[in-house]
Amino acid sequence: MSTLKVNNLLDTSGNVLSRVLQHVYAHTDAVSELDPGDTITQLNCAITPSSTSSKILIMATLCCSADGAADLGYDIQRDSTALQKGASASGSPGAVTHAVFANMGSDNIIPGTCIMLDDEISTTNEVTYKIIARPNSGKKLVLNKRHQDQAIKSQSRMIVMEIP
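Reading the sequence shown from the start, the letters are residues 9 to 172 in the numbering used here.
Below, the structure is given as structure tokens:
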């Protein structure tokens with residue numbers, strides 16, 4: 009049997025072919041009620057990039073509801089830095105990485121998926137990606153179930169992948 013070892017695979021133009029170098033995956037079916045600024049610790053993903061030029065592809069899906077009519081969003085953070093937030097906003101919760109729903113008038117369960125590329129990482133030190141709840145003031149983000157009852161439950165998940 010033969011073993012092929014290479015440093016890079018190139019296309020016919022001499023460009024390095026992109027591929028996923030490593031991935032970290034977290035998921036949870038835990039039900040919780042989160043205040044503004046709370047971290048969903050079960051979804052934390054720590055990864056150590058192999059190169060300072062690597063990018064990190066982040067995919068997060070939250071199944072959430074609120075305790076009544078609310079504006080819900082969340083931030084994705086690399087360590088303590090919130091990534092790719094919207095422009096300044098006038099209300100609460102304000103600018104967030106991803107808005108799930110706004111003032112629905114009830115407490116329906118809403119899935120929200122965010123896909124983003126962290127192209128400003130530039131380190132080979134371990135970093136932790138995390139999700140921070142951003143319901144509007146005085147409300148709670150209810151994770152993995154409809155707030156009012158037990159009729160529907162789901163899981164939330166996050167995956168981070170290093171891309172060269």
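Think of the CB as a built atom: it goes at the ideal place given N, C-alpha and C, for glycine as much as any other residue.
The model shown is predicted, which means the values in this text are computed figures rather than measured ones.
Could you check which residue in Ile-64, Thr-69, Met-124 and Thr-60 has the C-alpha nearest to that of Leu-51? Thr-69
**Study point:** C-beta atoms of Lys-93 and Val-108 nearer than 8 angstroms
**Key:** no
| field | Bridge partner(s) assigned by DSSP for Glu-170 | value | Gln-30 and Ile-64
*CA-CA distance, Ser-26 and Gln-158?*
43 angstroms
| Can we say the segment 12-30 touches the segment 127-146, given the rule of at least three CB pairs closer than 8 angstroms? | no
What whole-angstrom Cβ distance do Asp-87 and Thr-136 have, given they're in contact under 8 angstroms?
6 angstroms
Q) For Glu-170, does the count of other Cβ atoms within 10 angstroms reach 16, so buried, or fall short, so exposed? A) buried
Exercise. Considering only residues of the same chain and omitting the five flanking positions on each side of Glu-134, which have a CB-CB separation below 8 angstroms?
Worked result: Ala-54, Ile-55 and Thr-56
### Nearest-angstrom Cβ-Cβ length linking Lys-161 and Lys-153, presumed shorter than 8 angstroms
5 angstroms
Of the listed residues Leu-91, Tyr-33, Ser-40 and Cys-72, nearest to Ile-129 (C-alpha basis):
Leu-91
Nearest candidate by alpha-carbon position, reference Ile-84, set Asn-16, Ile-64, Thr-20 and Leu-12:
Ile-64
In the DSSP assignment, the beta strand (DSSP E) including Asp-83 goes from what residue to what residue?
79-86
Assigned exposure category for Met-166 - 16 Cβ within 10 Å defines buried | buried
Query raised in the report: Can you tell me the Cα-Cα spacing of Ile-123 and Val-168, whole angstroms?
Result: 10 angstroms
Sequence-distant residues of the same chain with beta carbon closer than 8 angstroms to Ala-38, five excluded per side = Gln-50, Leu-151 and Asn-152
*Per DSSP, what kind of secondary structure is Asn-47 in: helix, strand or coil?*
For the record, residue 47 in the displayed sequence is Thr; it is not Asn. It is a strand residue.
Checking the sheet assignment: what are the DSSP bridge partners for Gly-120?
Leu-70
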